[in-house]
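Sequential numbering from 2 applies to the sequence shown in the numbering used here. Note that the Cβ used here is the ideal one computed from N, Cα and C, for glycine as well.
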Amino acid sequence: MKNISSGMDRICGEGAFEYLAKAQAVEREGGKVLHFEIGQPDFPTPSHIKEAAFRAINENYTGYVAAGGIPDLKAAIQEEIKQTRGFKPGADQILILPGAKPGIFFTMLALVEAGDEVLYPDPAFPTYGSLVKYLKAVDGAIPVREENEFRLDPADIKKRITAHTKLIILNSPQNPTGSVMTRDELMETAELAQKHGVYILSDEIYSKMLYDASFYSPAALDGARERVIILDGFSKSYSMTGWRLGYLVGPAALIKKMEILMINALSCTASFVQKAGIAALEGSQEDLHKMMASFRSRRDAVVKGLNEIPGFSCLAPKGAFYAFPNIKKTGKTSREMADYLLYKAGVCCLPGSAFGPSGEGYLRFSYATSVETIAAAMGRIKESLAEKFSHS
Ligand SMILES: Cc1ncc(COP(=O)(O)O)c(C=O)c1O
């Protein structure tokens with residue numbers, strides 16, 4: 002038998018799915034687990050969005066549609082970008098996708114060749130690093146430091162940027178740290194990219210999920226016409242993770258190429274799901290506001306709870322729905338601690354190291370769960386660690 006392609010050894014999975022499987026194994030054995038591993042809101046998709054999909058299906062809007070996306074969803078996205086980023090892109094600058102993730106894949110396939118350097122934050126969403134390795138690009142992971150509230154520092158980008166740098170990946174608000182870059186930091190990065198002729202992929206999937214910060218996109222610099230590519234989607238803000246709907250806004254020539262990737266890989270994004278997307282953008286935003294109010298109380302509860310655990314300390318995240326406590330004082334590695342908490346306390350969170358080497362010494366808690374579950378988890382963690390330390 003011939004070998005599986007060597008690229009398959011360079012691409013990697015995601016810690017969230019690994020720990021979910023471990024937690025489910027514990028549950029199959031009768032254990033009770035409180036879940037903090039998966040990054041998905043625990044709210045149902047708002048009813049008016051579901052209704053729009055039902056309507057489209059009942060009207061038999063179920064066939065193939067344009068590979069790049071249906072015109073009325075593109076129009077809704079043009080308006081959305083105008084409202085939220087301050088410029089109106091052309092319809093030819095938009096590519097609609099089944100989820101945000103293919104936007105990372107396609108952008109990197111379309112731009113990055115072996116030997117090109119890709120700069121991205123460490124820790125970060127694992128797909129970035131996985132694709133860097135898959136494409137045999139030069140890994141330009143840049144540590145984000147707790148002292149800088151986990152924000153990517155443009156001074157570090159400036160130091161790292163070379164003639165080989167092709168792409169900078171930004172993600173603000175950020176997974177896994179919840180950090181939000183400032184307007185100045187984003188503008189400085191966009192200007193650096195301009196000066197060096199580098200592209201920026203700005204992963205803005207958490208753009209509507211902010212607490213004590215304002216959202217800003219580096220695409221404001223060039224209207225996503227030249228070098229900045231916006232990635233956004235519906236999974237998080239509208240509780241639509243399973244629907245698979247996202248989009249890219251970028252330079253028209255690049256979008257055109259990526260549409261060919263769409264044709265080869267997926268043909269198009271599900272027709273009736275796109276209709277639901279229009280309802281999400283144009284309909285009431287009340288559910289989003291309610292969800293964010295709820296996330297704010299949960300954030301406060303989880304940060305307070307984590308800071309009360311001996312050996313843990315946690316900054317208050319400014320966006321998304323992740324807390325990233327420092328556990329270095331416990332003397333345990335992230336993985337040892339995540340496993341200990343799962344098997345001894347029945348609390349499933351993720352090791353920070355699952356997001357890159359600089360995530361070592363941290364855990365990620367996705368607080369997409371009730372305040373009661375958060376309180377119960379904090380109690381269990383405290384108890385199990387007290388037991389551990391009193392015996393060792
Ligand atoms: C930073 C970031 N980008 C992209 C995605 C993928 O989103 P989607 O489920 O829409 O593909 C996620 C999901 O967790 C994420 O955290």
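| query | result |
| --- | --- |
| Continuous alpha helix (DSSP H) assignments of at least 4 residues falling wholly in the stretch 131 to 212 | 155 to 161, 184 to 197 |
| Other residues of its chain near A53: CB distance less than 6 Å, five sequence neighbours each side excluded | K276, A277, A280 |
| Three-pair Cβ contact test at 8 Å for the stretch 118 to 133 versus the stretch 353 to 363 | yes |
| Three-pair Cβ contact test at 8 Å for the stretch 138 to 158 versus the stretch 168 to 187 | yes |
| S240 to L193 span [Cα, whole Å] | 35 Å |
| Residue list, Cβ distance to ligand 1 heavy atoms smaller than 6 Å | G40, G100, A101, K102, F126, N172, N176, D204, I206, G234, S236, T242, G247 |
| Burial state of K319, where buried means 16 or more other Cβ atoms lie within 10 Å | buried |
| The stretch 65 to 78 / the stretch 244 to 257 touching (three or more Cβ pairs under 8 Å) | yes |
| Pair within 8 Å by beta-carbon distance, L394 and L202 | Nothing can be reported for residue 394: it is not among the residues displayed for the chain, which extend from 2 to 393. |
| Three-state secondary structure assigned by DSSP to G284 | coil |
| Proximity to Q25 [Cα-Cα], best of C349, H290, P311 | C349 |
| Cut-off 7 Å between Cβ atoms - residues of its own chain near L21, not counting five sequence neighbours on either side | E38, I39 |
| The stretch 61 to 73 in contact with the stretch 222 to 229 per 3-pair CB rule at 8 Å | no |
| C-beta contact flag for T178 and F151 at 8 Å | yes |
| Separation of K134 from S7, as counted between CA atoms | 11 Å |
| DSSP-derived helix/strand/coil call for P311 | coil |
| Inter-residue Cα distance where the pair is L343 and G243 | 26 Å |
| Residue interval of the alpha helix (DSSP H) (run including H50) | Reading off the sequence, residue 50 comes out as Ile, not His. Per DSSP, I50 belongs to the alpha helix (DSSP H) from 48 to 59. |
| Which listed residue (A321, P45, L307, K333) has its alpha carbon closest to that of A376 | L307 |
| Where the alpha helix (DSSP H) through F107 begins and ends | 102 to 112 |
| Pairwise C-alpha distance: I310 and R146 | 22 Å |
| Continuous beta strand (DSSP E) assignments of at least 3 residues falling wholly in the stretch 307 to 392 | 364 to 367 |
| DSSP state of D43 mapped onto helix, strand, coil | coil |
| The stretch 324 to 340 in contact with the stretch 358 to 369 per 3-pair CB rule at 8 Å | yes |
| Exposed unless 16 or more other CB atoms sit within 10 angstroms - verdict on R299 | buried |
| Endpoints, alpha helix (DSSP H) assigned at P72 | 72 to 86 |
| Exposure of E260, with buried meaning 16 or more beta-carbon neighbours within 10 Å | buried |
| Euclidean distance between Cα positions of M403 and G69 | Here the chain covers residues 2 to 393 and nothing more, so residue 403 does not appear. |
| Contained alpha helix (DSSP H) runs [length at least 4] in the stretch 237 to 286, N- to C-terminal order | 253 to 266, 272 to 283 |
| Beta-carbon proximity of L171 to D117, cut-off 8 Å | no |
| Any non-hydrogen atom of ligand 2 within 7 Å of S48 CB | Ligands present in the displayed structure are limited to ligand 1, and ligand 2 is not among them. |
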